[in-house]
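*Asks:* Take 137 as the starting number for the sequence shown in the numbering used here and just add one per residue. Built from N, CA and C at the ideal position, the CB exists for glycine as well. Here the structure is a predicted model, which means the values were calculated and not measured. My questions all concern the structure below.
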Amino acid sequence: MKLRATNAKATLNVYNEIINKPGSPQALKALNCCVEAYRYAILSFEMVSSELVEKPQTANYDVAVIGPEIANCEKKLINAKVQAP
137 MKLRATNAKA
147 TLNVYNEIIN
157 KPGSPQALKA
167 LNCCVEAYRY
177 AILSFEMVSS
187 ELVEKPQTAN
197 YDVAVIGPEI
207 ANCEKKLINA
217 KVQAP
């Protein structure tokens with residue numbers, strides 16, 4: 137989970153860099169959606185490590201919700217014609 141959190145942080149940094157470049161309003165909206173999705177993913181990955189022992193069902197839910205959030209981010213990027221990192 138630590139590696140996934142690290143990878144999500146790296147991706148978040150890339151999205152934050154792209155946001156600072158000129159782009160369309162649709163691209164900015166999609167990128168902001170991705171920033172929120174990756175912030176959520178990072179928090180979830182960091183929480184899961186402690187939850188695995190005491191609350192495995194909660195940990196499972198936290199990880200399961202990340203996938204659709206990231207998929208939604210990617211869909212919005214495609215629709216806004218933004219190339220994902």
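Between Leu-167 and the rest of its own chain, which residues show a CB-CB distance below 7 Å, the 5 nearest in sequence each way excluded?
*Replies:* Closer than 7 Å at the Cβ level, and outside the excluded window around Leu-167, lie Tyr-151, Ile-154, Ile-155 and Val-218.
*Asks:* Shortest alpha-carbon distance to Val-201 belongs to which of Tyr-176, Leu-213, Leu-139 and Ile-214?
*Replies:* Checking every option, the nearest Cα to that of Val-201 belongs to Tyr-176.
*Asks:* Identify the continuous alpha helix (DSSP H) that holds Gly-203 and give its terminal residues.
*Replies:* Run containing Gly-203: 192-215, per the alpha helix (DSSP H) assignment.
*Asks:* On a CA-only basis, which of Lys-191, Lys-165, Val-199 and Asn-215 is nearest Ser-180? Give me that one, please.
*Replies:* Out of Lys-191, Lys-165, Val-199 and Asn-215, Val-199 has the C-alpha closest to the C-alpha of Ser-180.
*Asks:* Which one of Ala-163, Arg-140 and Tyr-197 has the shortest CA to CA distance from Lys-212?
*Replies:* The option with the nearest alpha carbon to Lys-212 is Ala-163.
*Asks:* Report back the beta-carbon spacing between Ala-141 and Glu-182 to the nearest angstrom; my notes put them in contact at under 8 Å.
*Replies:* About 5 Å; that satisfies the 8 Å criterion.
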